[in-house]
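Reviewing the structure listed below.
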Amino acid sequence: MKHPFLIDLNDSENWMYPIELIGPDGHKGEDQRTINMPEGVHKLFCVTDSVMYPGKELGGDLHFHEHHLGYEIFFVDSGGLDLYMFGKKTYVAPGNILHIQPYQAHGMDFHAPTKYRGFFHDLSNSDNAPVFAILRERLPDAQKDPNFAKSGGMGISDFLMRERPETEEIPVEQMTTVRNINRPMAEYKLEGATAKMLTARWENGGINELWGAELKKGFHAEFYDYAPTTEMYYVTEGEIEFDVYGEKFVARPECVVKIPKLATRSLKALTDATIYDIGGLTHWYAFFQDRASILKNDPERAAKPETWEELKSRYDCRIKSIGID
Ligand SMILES: [Fe+2]
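Here the sequence shown stands for residues 3 to 327, numbered as in our numbering.
What follows is the structure, given as C-alpha cells:
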C-alpha cells in the first residue's frame, strides 16, 4: 500500500501516469512519471520523476525551447548532460540542480540515462498528465504524427520551440542555472545543521525559495501544531526519521516527504544527512538575516522568547525548536 507521507521515487507504486516520450523518428527520449500533481493557484508541489535518454548522437536534437510561465527545478541524480543556455554550454554531473526561469531558453543533451527529478511551480503545462493519459488511450499513435509535434505537442501557448543555439563551452561554476549545495548563495550555521540557499525568492516570482540543509547525526526539529502549510522535502543523503501525526518513518536518499497541512510533525537525523525544502514557502533568507542581526546587535531582544516567536510568525517559519542529541 502507498505510504501516506513517504514517497520513494524508485518505487513504481508511487508513479502516476507513467509515459514513454517518443519522438516522430521513433527514438525514446524519456520515461516520465508524475509523482505529485500541482496544487493551488501557483501550482506548487508539482513533482515529476524522469529517466532521460541520450539522443541518437551527441550534439543532436537539443529540444531547445522556452516557457513563458513557470519555474523548473531539476535534481540531476545520475548520468549527466550538456546544458545549453545563454549562448553557452556546460557539462552537468550528478549532484547538481538546475533552476530554469521563464524566458530562459534551454536545451539538454544527455550523455547517459539520467535520473532527472523535476520540482515545479507556476508551470502552465504541469497538470497535463491526465489529459495525456486519455490521449494515449484514445489515439495511441498521436506522438508519431508530425502534426502533433508541430502543434507544440501539448497545445500550450506559452511554450516556444527555438532554433538550435550557437554556444561556447564554459566551466559549470559559471553557468548561473546550475546550483550546487557546495556553492550556496547564502549560508547560515545552526546547532547541528547548516542551511544553504540554492534559489532565492526573487528568482521564483516571489513564491518560494530553495534551501538545502546539511544535518549532523542527532539533529532534531520540532514544529508548531496545526501548521497551516504543506511541507515537501527531498532527501539526498543519509537517513532522517520523521514523525507525522504520530506515525514514524525513515526517509532515505531519493525519497520525497510530503506533510499535509495541519499535521503534527517533527524530524530527527539518524545519520549525517542532506535534505532540501522543496515547498520553500518559509521566508528563510529574511528569517536568517534578521535572526543574525538581532543576535549580534540587540542582546536584550535576543534574550526574550517573544522576539523569536514574532520573527517566526513574520516569516512563516513553522519550526518551534531545534537541537542535537
Ligand atoms: Fe523546459
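Glycine included, each C-beta is placed from N, C-alpha and C at the ideal position.
Predicted model only: the values in this text are computed from it and were never measured.
Assigned exposure category for residue i - 16 Cβ within 10 Å defines buried
i    : result
H70  : exposed
E175 : exposed
S128 : buried
K58  : exposed
D27  : exposed
A316 : The residue asked about is misnamed: residue 316 is Arg in this sequence, not Ala. So R316 ends up on the exposed side.
M3   : exposed
W286 : buried
Y228 : exposed
A294 : exposed
N338 : Since the first and last residues shown for the chain are 3 and 327, residue 338 lies out of range.
M163 : exposed
T273 : exposed
V258 : buried
V49  : buried
Residue i versus residue j - alpha carbon distance
i    : j    : result
D143 : K90  : 36 Å
K219 : A135 : 43 Å
L192 : F225 : 16 Å
A265 : M234 : 13 Å
H222 : L269 : 6 Å
I242 : G208 : 29 Å
L85  : D111 : 7 Å
E302 : E308 : 12 Å
N98  : A107 : 19 Å
D10  : H65  : 29 Å
C319 : G72  : 25 Å
L23  : D51  : 13 Å
R267 : E311 : 18 Å
P56  : K45  : 30 Å
T169 : G61  : 11 Å
Q291 : S323 : 18 Å
M177 : T232 : 32 Å
F47  : F121 : 7 Å
R13  : G25  : A quick correction: the sequence has Asp, not Arg, at residue 13. Between D13 and G25, the C-alpha separation is close to 27 Å.
D327 : E249 : 21 Å
W204 : R140 : 42 Å
D160 : I102 : 15 Å
I183 : A95  : 13 Å
N130 : A188 : 35 Å
E165 : D63  : 11 Å
H123 : L212 : 12 Å
L313 : G240 : 31 Å
P230 : P173 : 42 Å
Residue i (DSSP reduced to helix, strand or coil)
i    : result
T276 : strand
E170 : strand
R140 : helix
P255 : coil
I296 : helix
A265 : coil
F122 : strand
R316 : helix
R303 : helix
V180 : strand
K218 : coil
T196 : strand
Q145 : helix
F161 : strand
F134 : helix
N38  : strand
T232 : coil
A288 : helix
F150 : helix
W213 : strand
S14  : helix
E311 : helix
E59  : coil
E74  : strand
Within 8 Å, strictly: CB atoms of residue i and residue j
i    : j    : result
Y105 : E68  : yes
E256 : D79  : yes
G214 : Y278 : yes
R181 : T201 : yes
T36  : L100 : no
R119 : F76  : yes
N38  : K260 : yes
I280 : Y236 : yes
Y93  : G109 : no
N206 : L283 : no
E74  : L125 : yes
A253 : L217 : no
P115 : V53  : yes
L297 : A305 : no
F251 : H5   : yes
Using the beta-carbon of each residue, find all residues closer than 7 Å to any heavy atom of ligand 1 and list them in chain order. H67, H69, E74, I102, H108
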